[in-house]
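What follows is a short report on a single structure.
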Amino acid sequence: MKIEFESRGKYLLIHSNGRLDATWAEYFADTLLNQIRNGRHQLVMDASQLAFLSSAGIRSLLIIHKALAGVSGRFSIVNATDFVDRTLRTCGFQTWLEAGYPGDMPSAGPGKEGGGDARIRHFVMNEAASLCVSTPGDWRPWQAVYEDRVVATSFPRDSFGLGIGSAAASAEEARRHFGEFLAVAGNVVYLPPDGESPPDYLIAEKEFTPRMQCLQALCLTGEMGHLIRFAPTDELPFHALSVLLKDILVRTGGNPAGFVILGEIEGLVGTALIRSPGSIETDREIDFPEIRDWLTFCGERCYRRQQALLVGVVADKSGPHLPPVPMADSMSAHIHGAVFPYQPLPNGRIELAAAVERFFNGPPPLSVMHLAADDRPVVGLGESALVRGACWFSPLQNPEVLS
């Protein structure tokens, strides 16, 4: 089977030649899913040269249709041969068949969906929006943990946060279970600190609001006022995290900001607790090699082609709550990330709560980690980077809390 693509404005025209049967169905689906991953969400298939279509081929078309439906995209078939037309109608998929090309499809010429080849697009959601930051729990590594240092904190739908905590009912019950967590729009995902269990998560439903026993946390309440959509180009196949953070600070005029990023992963670099700090009974230093009993550090750039949900705070100077970013002079940030199986995002302006909800209602999360760059010469892993995605952010009302 031969597949060729032609850009027609926002549409991707697919010329298929040959047989779409069991031999080619998987290849066909993978090829078109890759186009969807690349942001092409308006697909038109010219089937004038498609000689045969089997049930396996129909299944591959259904996979494409469902993937596009999840991102408000569109899939249609034009110029179908008599055999393909009859097969689809007999099987109940006649809604895919169109009498001709869409009326707004250009006759020819290059072009990409969303308008042009812009690497970054900026949307103002609410110019007046801002976030208020608080810091419940004042634990610092590696202090002894006392119950009065643990703060029960709720995360309703208008809140965002990250930190070290537990979903236990009380501070005492949480003592052996403190791990990394993040919270976005009423959804909390938390990694048990045993190095083996998968992440657990809580979702705000009806009267239930997620609540964490926080050993330390950065909590944000308010509204995200800005959205950045970023995508790769031939010259820039991915976006280093520090570059995205710099862009946030530029757009806030240098003011500290809270942010949420949802994007396809090029590679993540970071750490996670594998032993709860609640077991520490006296203030002390934990150095190498003992630190390996408490933290795991990724040995390679991980989770490529999965989806990252990142929550963080960025500023142009460091402080007790914001460690420096090694890859960017005079910039500091505290960021936690949750990893989900990949799902494409709709193009253009999208709402944060709805986008995040899709992931928490889909396949379960794979991991939670504290992002940290590795700037060691030669052997260092570098910093986390994303291929494409969405970044929501707002300036902080009260950045003095971070000092």
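The sequence shown begins at 416 in this note's numbering and counts up by one.
The C-beta atom is built at its ideal place from N, Cα and C for all residues, glycine as well.
A quick note: this is a predicted structure, and the numbers were derived from the prediction, not measured.
Below 8 Å, can you find three or more Cβ-Cβ pairs linking the stretch 799 to 817 to the stretch 537 to 550? yes
Host alpha helix (DSSP H) of S747 (start-end): First-last for S747: S747 to F755, but that is the beta strand (DSSP E), not the alpha helix (DSSP H).
Could you give the distance in angstroms between the alpha-carbon of A723 and the alpha-carbon of L577? 14 Å
For K621, does the three-state DSSP call read helix, strand or coil? coil
Per DSSP, R452 is paired with what? Bridge partners of R452: none, in fact.
CA-CA distance, E419 and H749? 45 Å
With distances taken from CA atoms, which of A768, Q457, L483 and A471 is nearest F443? A471
Enumerate in chain order the residues of its own chain whose CB-to-CB distance from D702 is below 7 Å, with the five nearest sequence positions on each side excluded. none
What residue ranges within the stretch 729 to 807 form continuous beta strand (DSSP E) runs of no fewer than 3 residues, ordered along the chain? 747 to 755 and 782 to 786
For L468, which of I451, W439 and I479 has the nearest alpha-carbon? W439
Can you grab the Cα-Cα spacing for the pair D532 / R707, in whole Å? Only weak support is given to the placement of D532: the predicted model assigns it a pLDDT of 41, under 50, and the value that follows is read from those uncertain coordinates. Straight-line Cα distance between these residues: approximately 45 Å.
From the DSSP secondary-structure annotation, give me the bridge partner or partners of E421. L428
Residues near Y757 by beta carbon distance below 7 Å, same chain, minus five either side: E679, R720, Q721 and Q722
With P607 and D615 assumed to form a contact (beta carbons below 8 Å), what rounded beta-carbon distance in angstroms separates them? 7 Å
Separation of A600 from P738, as counted between CA atoms: 25 Å
Who does C506 pair with in a DSSP beta bridge? According to DSSP, C506 bridges with nothing at all.
Note the first and the last residue of the continuous beta strand (DSSP E) segment covering A632. R626 to G637
Which residue comes first and which comes last in the alpha helix (DSSP H) that contains A589? A586 to A589
On the DSSP bridge list, what partners appear for N670? Paired residue(s): none; N670 is not in a bridge.
So, V604 versus A753, is the Cβ gap smaller than 7 Å? yes
Would you mind reading off the limits of the alpha helix (DSSP H) that contains L483? S470 to A484
Out of R455, C806 and Q450, which has the shortest C-alpha to C-alpha gap to L642? C806
Report yes if the CB atom of A730 is closer than 7 Å to the CB atom of S747, and no otherwise. yes
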